[in-house]
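Let me begin by presenting the structure, written as structure tokens, before commenting on it.
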Amino acid sequence: MSPFLALGLLLAGICSVHSLPENVMVKDQHRRVDDHTLASSNTDFAFSLYKQLALKNPNKNVIFSPLSISIALGFLSLGARGPTLTEILQGLKFNLTEIQEKEIHQGFQHLLQTLNPASNELQMRAGNAMFVQDQLKLPDKFIEDAQVLYSSDAFSTNFRDPEAAKSLINGYVKNKTQGKIEELFKFLSPNTVLVLVNYIYFKAQWKTRFDPKHTQQAEFHVSENETVEVPTMTLDLETPYFRDEELGCTLVELTYTSNDSALFILPDEGKMQDLEAKLNPETLTRWRESLQPRQIDELYLPKFSIKSDYVLNNILSQMGIKKIFTDADFSGVTGTGKLAGGCSPPPTPSLVANVLVSPQVVHSAALDVDEEGTEGAAATGISIVFLAFRKTVVRFDRPFLIAIVLKDTQSIIFLGKVTNPSQA
Ligand SMILES: *[C@@H]1O[C@H](CO)[C@@H](O)[C@H](O)[C@H]1NC(C)=O
Ligand SMILES: *[C@@H]1O[C@H](CO)[C@@H](O)[C@H](O)[C@H]1NC(C)=O
Ligand SMILES: *[C@@H]1O[C@H](CO)[C@@H](O)[C@H](O)[C@H]1NC(C)=O
Ligand SMILES: *[C@@H]1O[C@H](CO)[C@@H](O)[C@H](O)[C@H]1NC(C)=O
């Protein structure tokens, strides 16, 4: 009954936190501990958002980049003040008695550096940009923080011509995602004054590649009564594996040449919803600690290419980030509300703040999994079937989950659900 579920998790560095040598410099230790706090909050946010998206789209593929959404909201929070700010940070699952706002921004700053590695093994790029209405003068503090903490590009934009503004922004995103995200904004209001953008691009090769000659059409059970034929890759290999009897699922981890990895999670038949309900950071940690290398005689994994577009306003409101859509305090962006140049200044600063309110939060993600590896501007899928033989056979021919894990940090880049690999 449950659809094929692909969770693409991009994670970074929990292990390094626990294995810190005693004599490590205090400064370094602080930074790593912050990474860990940031990562566990980001993971919590990722799974919470996943549950909302999966609930809203019960029989659809889901793919998104929780990390991209977290960074974009972190970036936005630079301009928020008062309860609006608190709500965003708490909505991102930060416990503000344990971590300060400044540390959160520094955490994202460091994370952005790890997302732009100087490595031949992995093509990964992430960054931010802001598109600012012509002649709108943003406070220096906001501009400086945007550049220093979020490495943001800045573009002066004429939103009065919304089509031109849209094509400027969408063109920027398309370029940064190697053409994979073509139309982030479907619509822009001519009253827009500021657009913040985050992008992530990821491309990695499997350490053990699948042989395209062995890829064949095979059945995938979308639901109890619906079966589709999809190109299915096959491989025998030794790779981390875990049979989770407690949650009724089987996990296979496939490693990239960069040593990052994708975690594929195949719930037992009819158990998808139970598993979805149990997704949380503790479960992920338990899985990571339980995976053990194992010879898999036959692994069957569909090749797939999925995409999703979301408007997140309602979902974020349900997750407690409400004020940004109703009565936001964005005085960190609006400052005194002065417009430079010939524009007449608005009557009061709070009115400017109100213009900045009613944002639209959109998200698009795309993930391709094939014989060579994974390309994502986001997701991936696995179905595991035990046959009654001694040999281990894992057949991803029904709903499953996938998580992509970075070895150095612990942040989820892609999270998704594939209900039907034959759908785009
Ligand atoms: C936040 O952290 C404090 C101190 O560690 C703890 O007492 C509190 O329960 C936490 N709050 C939440 C919502 O987790
Ligand atoms: C992105 O823009 C750069 C600089 O303008 C250009 O060199 C590059 O070819 C573009 N890439 C794509 C995929 O359009
Ligand atoms: C599947 O088909 C059976 C028999 O035709 C029917 O009883 C059952 O309700 C169907 N299940 C779904 C989810 O449609
Ligand atoms: C991946 O890990 C292996 C084994 O620990 C190591 O030999 C190799 O250099 C690593 N590769 C990269 C790209 O870090």
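Counting with mature numbering (1 follows the signal peptide of the UniProt record, and there is no 0), you get residues -19 to -1, 1 to 405 for the letters of the sequence shown.
Each residue gets a CB set at the ideal place from its N, CA and C atoms; glycine is no exception.
All values reported here derive from a predicted model rather than from experimental measurement.
Distance cut-off 7 Å: residue i Cβ against heavy atoms of ligand 2
i      : result
Asn156 : yes
Gln104 : no
Gly160 : yes
Pair within 8 Å by beta-carbon distance, residue i and residue j
i      : j      : result
Pro221 : Pro274 : yes
Ala135 : Leu244 : no
Arg62  : Phe201 : no
Ser289 : Ile69  : no
Ser21  : Leu73  : no
Trp187 : Tyr237 : yes
Lys157 : Tyr182 : yes
Pro64  : Gly313 : no
Asn42  : Thr400 : yes
Leu387 : Phe28  : no
Ser133 : Ala110 : yes
Ser392 : Asn179 : no
Glu279 : Thr215 : yes
Thr189 : Leu149 : no
Gly88  : Leu19  : yes
Residue i burial status per 10 Å Cβ neighbour count (16 or more: buried)
i           : result
His195      : exposed
Leu117      : buried
Asn172      : exposed
Ala53       : buried
Arg224      : exposed
Gln81       : exposed
Thr231      : buried
Asn295      : exposed
Gln198      : exposed
Ala346      : buried
Leu36       : exposed
Glu227      : exposed
Thr390      : buried
residue 435 : Missing from the structure shown is residue 435; the chain here goes from -19 to 405 and no further.
Arg141      : exposed
Glu144      : exposed
Gly362      : Because Gly362 carries a pLDDT of 16, less than 50, the predicted location of this residue cannot be relied on, and the following value inherits that uncertainty. So Gly362 counts as buried.
Phe75       : buried
Leu96       : buried
Leu66       : buried
Glu257      : buried
Pro193      : exposed
Phe168      : exposed
Gly251      : exposed
Which residues DSSP lists as bridging residue i, in chain order
i      : result
His17  : Answer by DSSP bridge pairing: none, since His17 is not bridged.
Met300 : DSSP, once it has assigned bridges, lists no residue as partnering Met300.
Ile181 : Ala107
Phe136 : Phe112
Ile246 : Leu232, Leu382
Leu282 : Met214
Ala347 : Lys288
Lys398 : Val43
Contact with chain D by residue i, beta-carbon distance below 8 Å
i      : result
Asn172 : You won't find chain D in this structure, because it holds only one protein chain.
Contact test: residue i Cβ vs ligand 4 heavy atom, cutoff 7 Å
i      : result
Asn240 : yes
Heavy atom of ligand 1 within 7 Å of residue i beta-carbon
i      : result
Glu79  : yes
His261 : For clarity, residue 261 is Asn in the given sequence; the question names His instead. No, the beta carbon of Asn261 sits no closer than 7 Å to any heavy atom of ligand 1.
Asn76  : yes
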